[in-house]
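Input: a single structure, listed below in structure tokens.
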Amino acid sequence: KNDIRMLSASLYSAVPFWPAGTVFLYDTGDEELCAVRLKSGQILLGPNDGSCTMSVYSFGLDSARRVDPKRFGTDEYAIARAAGHLAAGKGFENLGSRMECSELKQFHIEPAEIAPGVAKGQVAVLLKTFGNITFNIGVDEFEKTGIQQNDEIEVTITYRDAVVYRDSMTYQPSFGYVEEGAPVVFNGSSGYMDIGLNRANFIEMCLPKILREPDPGEFKVCIRKKGA
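Taking my numbering, I'd label the letters of the sequence shown as residues -6 to 221.
Set out below in structure tokens:
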């Protein structure tokens, strides 16, 4: 099964490193093809399945187009034809009819809540390969809490208002600053805050329930500095 949240995070992580006009292709299934141009100028081209969510949320939507199936076809090569059209400089607007933002499929992302010593948000992505969890709390946002590296913090994760995880730990640059098997909150490579275990799988060992629920975004997090 396609992990739309993971793909969305991967696209978001790559976009800032490429200049305006760069076209990113992704192909996850049979949804109608669309092209999304971000306010930063990059273009995401692929099925309208929610994969553009984190990029649109983070960089803003300039405009979107429905890729015309009569012109580019509906077979597996349609996305390549549309990409070739863009690469040849034939115009974003000529891909097809305009799409409103409301027509783009997107999974729900709530804005993070930031206060002195406290950051609240939700689970954005499950990094299943490593067992880490990425929250929708940006590193820049988290810095506004005043929480410093090495500070003692308490992390509480809830699901539909029920506490499913609570533990004390420290905020650190990376895993190696805590003992093996210990939990740690750190700045993720995606630009968002992550939680994990040093040389262990946080999801499997601390929050296996999240793998059984259809929407990880229903899991909310509160990161609070001790004493705040």
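All C-beta atoms, glycine included, are put in the ideal place defined by N, C-alpha and C. As the structure is a prediction and not an experimental result, all values here were calculated from the model.
Could you check whether L38 and I72 sit closer than 8 Å to each other, using their CB atoms as the reference points?
Against the sequence shown, residue 72 aligns to sequence position 79. Against the sequence shown, residue 38 aligns to sequence position 45. The answer is yes: Cβ separation under 8 Å.
For N125, I'd like the list of residues in its chain whose CB is within less than 7 Å of its CB, leaving aside the five on either flank, ordered along the chain.
Locating residue 125 in the sequence shown gives position 132, counting from the first residue. Only D187, I188, G189, F195 meet the Cβ criterion.
Where do the ends of the alpha helix (DSSP H) carrying V159 lie?
Within the sequence shown, the letter at position 166 stands for residue 159. One detail in the question is off: residue 159 reads as Arg in this sequence, not Val. Careful: R159 lies outside any alpha helix (DSSP H), inside the beta strand (DSSP E) at 155 to 164.
Rounded to whole angstroms, what is the Cα-Cα separation between V8 and S44?
Taking the sequence shown and counting its residues from 1, one reaches residue 8 at position 15. Taking the sequence shown and counting its residues from 1, one reaches residue 44 at position 51. Roughly 13 Å separates the two Cα atoms.
According to DSSP, is V8 part of a helix, a strand, or is it coil?
Along the sequence shown, one-based indexing puts residue 8 at 15. If DSSP states are grouped into helix, strand and coil, V8 belongs with the helices.
Would you mind working out which of K83, F10, N143 sits nearest S48, comparing C-alpha positions?
On the sequence shown, position 55 is the one that residue 48 refers to. Considering only alpha carbons, the answer is F10.
In chain order, what residues of the same chain have a beta carbon less than 7 Å from the beta carbon of Y173, not counting five sequence neighbours either side?
For the purposes of this step, residue 173 is taken as residue 180 along the sequence shown, with counting starting at 1. At residue 173 the sequence reads Glu, which differs from the Tyr that was named. The answer, listed in chain order, is N191, R192.
Indicate whether P166 and T138 have their beta-carbon atoms separated by less than 8 Å.
Position 173 of the sequence shown holds residue 166. Position 145 of the sequence shown holds residue 138. Not in contact: P166 and T138 (Cβ atoms no closer than 8 Å).
Cα-Cα separation, K63 to K83
Stepping through the sequence shown from its first residue, residue 63 is reached at position 70. Stepping through the sequence shown from its first residue, residue 83 is reached at position 90. Our two residues, K63 and K83, have alpha carbons roughly 17 Å apart in a direct line.
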